[in-house]
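There are 2 protein chains.
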Amino acid sequence: MKEAWIRRAIELAVENVRSSRGGPFGAVVIKDDRLLATGVNLVTTAKDPSAHAEIVAIRAACQALGTFELQGCEIYCSCEPCPMCLGALYWARLSACYYACTRDEAAEAGFDDKFIYSEIALPPAQRGVPGYHVDAGNRLEPFREWSASASKVLY
Amino acid sequence: MKEAWIRRAIELAVENVRSSRGGPFGAVVIKDDRLLATGVNLVTTAKDPSAHAEIVAIRAACQALGTFELQGCEIYCSCEPCPMCLGALYWARLSACYYACTRDEAAEAGFDDKFIYSEIALPPAQRGVPGYHVDAGNRLEPFREWSASASKVLY
Numbered sequence: 001m002k003e004a005w006i007r008r009a010i011e012l013a014v015e016n017v018r019s020s021r022g023g024p025f026g027a028v029v030i031k032d033d034r035l036l037a038t039g040v041n042l043v044t045t046a047k048d049p050s051a052h053a054e055i056v057a058i059r060a061a062c063q064a065l066g067t068f069e070l071q072g073c074e075i076y077c078s079c080e081p082c083p084m085c086l087g088a089l090y091w092a093r094l095s096a097c098y099y100a101c102t103r104d105e106a107a108e109a110g111f112d113d114k115f116i117y118s119e120i121a122l123p124p125a126q127r128g129v130p131g132y133h134v135d136a137g138n139r140l141e142p143f144r145e146w147s148a149s150a151s152k153v154l155y
Numbered sequence: 156m157k158e159a160w161i162r163r164a165i166e167l168a169v170e171n172v173r174s175s176r177g178g179p180f181g182a183v184v185i186k187d188d189r190l191l192a193t194g195v196n197l198v199t200t201a202k203d204p205s206a207h208a209e210i211v212a213i214r215a216a217c218q219a220l221g222t223f224e225l226q227g228c229e230i231y232c233s234c235e236p237c238p239m240c241l242g243a244l245y246w247a248r249l250s251a252c253y254y255a256c257t258r259d260e261a262a263e264a265g266f267d268d269k270f271i272y273s274e275i276a277l278p279p280a281q282r283g284v285p286g287y288h289v290d291a292g293n294r295l296e297p298f299r300e301w302s303a304s305a306s307k308v309l310y
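Protein chains in written order, with this note's numbering: chain A, 1 to 155; chain B, 156 to 310.
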C-alpha cells in the first residue's frame, strides 16, 4: 500500500466536485507501482449510472492495456466500493483494493452504497428493486450454445 | 411480466454467442410496455469487464432517454444479474427485474456470479479480492466539498 495513491484518489474526488463533473469519488489503477489509469464519478455528466469512479478507472485501464482483465493490478479508491464496483473488481481480476472512506461515511454523505449492500442479502423478490425468476423453458439455451461454441473467448 | 420480453433476452443471448460478440447473456429495458433498449455481453470484444448485458442495456436506455436514471422502467435478463449488475439496477432506479437462468445455473456454466455473491458477505480483508481500509486523515474532504457545493447534481 502506498499512501501517495490513496491521496491521489482523494484529490481526484475533490477536483471532481469542484469542476462539477460528478459525485465526490475518485480512483486510480496501479500496475507495477505505476499509475495506469484514473477515474472519477461521471454519472450525471455522462448520463450513465454505472460511471462510478472505480468502473471508469477499470475501463480506462483496460483500454490502456488492450485487455479485458487487470491481473496483478491494484485499485485505490477515495471510498469503499459499492456492490456494483466491488463486482467489477472481481470481473476485472484485480489483486487488491485500498479505500479511504467507508460505506458508513458514504451513507452519512447521502449515498446508497450501504443500503445496496443490505439489499443484496435479501431474497430477490423482497428487495426494493424486486427480482423475479421466470421459469422459461428454453432458458438454458444460451449456456448450451456457449458450451458448444468453438470460437468463444473465456473471461 | 411479459413472456415476450424474457424470450427476447434469451434470443439476444443465443445470438450473441453465435456471432462471437461475447458471453451468453442478453437483457432488454422496457418502458411503458415498449422496448427501450437491448444489451448483450460485450466484455471480450469491447475489452470492458463491466460490459455485461444488463449494464450495456442500462447505458443504452439512459442514452435513449438522455437521463441517468430509469424510474418506471423494468429490465428482463436471460440470467439473474450478478452483484455488479444488481448494483447497477439500484443506481439506475429500475422498478423491477425479471430473469430466466439462476446464479446456480450460471455457476454450472462456468460463470462467477454465485461466487461473487458469496464473497460480498465476507469482511473486506478476507475476500479473494481483499479490501483494505486506509485511515487517510483528509478522507472526508470530498464529502465536505460535495455538501458545500451549490452546483452539484444529486443522483
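Glycine included, each C-beta is placed from N, C-alpha and C at the ideal position.
Quick caveat: nothing in here was measured; it's all calculated off a predicted structure.
- Against D203 of chain B, the close residues of chain A are R59, C62 and F68, in the order they occur along the chain (beta-carbon pairs closer than 7 Å).
- Secondary structure at A37 of chain A: strand, using DSSP grouped into helix, strand and coil.
- Going by beta carbons, E274 of chain B and A247 of chain B fall outside the 8 Å limit.
- Take the alpha-carbon of G292 of chain B and the one of A125 of chain A: they are about 41 Å apart.
- When C-alpha distances from A150 of chain A are compared across B:L167, B:A262, B:M239 and B:S174, the shortest belongs to B:S174.
- In the three-state reduction of the DSSP assignment, Y253 of chain B falls in the strand class, which pools E and B.
- At a Cβ-Cβ threshold of 8 Å, D203 of chain B and C237 of chain B do not count as neighbours.
- The C-beta distance from S147 of chain A to A264 of chain B rounds to 7 Å, short enough to fall under 8 Å.
- Cβ atoms of Y253 of chain B and E235 of chain B stay farther apart than 8 Å, at about 10 Å.
- Among the residues of the stretch 128-142 of chain A, those with a Cβ less than 7 Å away from any Cβ of chain B are V129, P130, G131, Y132, H133, V134, A136, N138, R139, L140, E141 and P142, in the order of the chain.
- In this structure, B:R294 is the residue among B:K307, B:R294 and B:F298 with its C-alpha nearest to the C-alpha of E3 of chain A.
- Among the residues facing chain A, G194 of chain B is not included, as its CB has no counterpart in that chain under 8 Å away.
- Here A9 of chain A has G26, A27, V28, Y76, C77 and S78 as same chain residues with Cβ atoms under 6 Å from its own Cβ, once five neighbours each way along the sequence are excluded.
- 8 Å or more divides the Cβ of T38 of chain A from the Cβ of L65 of chain A.
- Inclusion of E209 of chain B and C256 of chain B in the CB contact set at 8 Å is not warranted, their separation being larger than that value.
- A check of alpha carbon separations from N41 of chain A across A:I58, A:Y117, A:V153 and A:H133 identifies A:I58 as the nearest.
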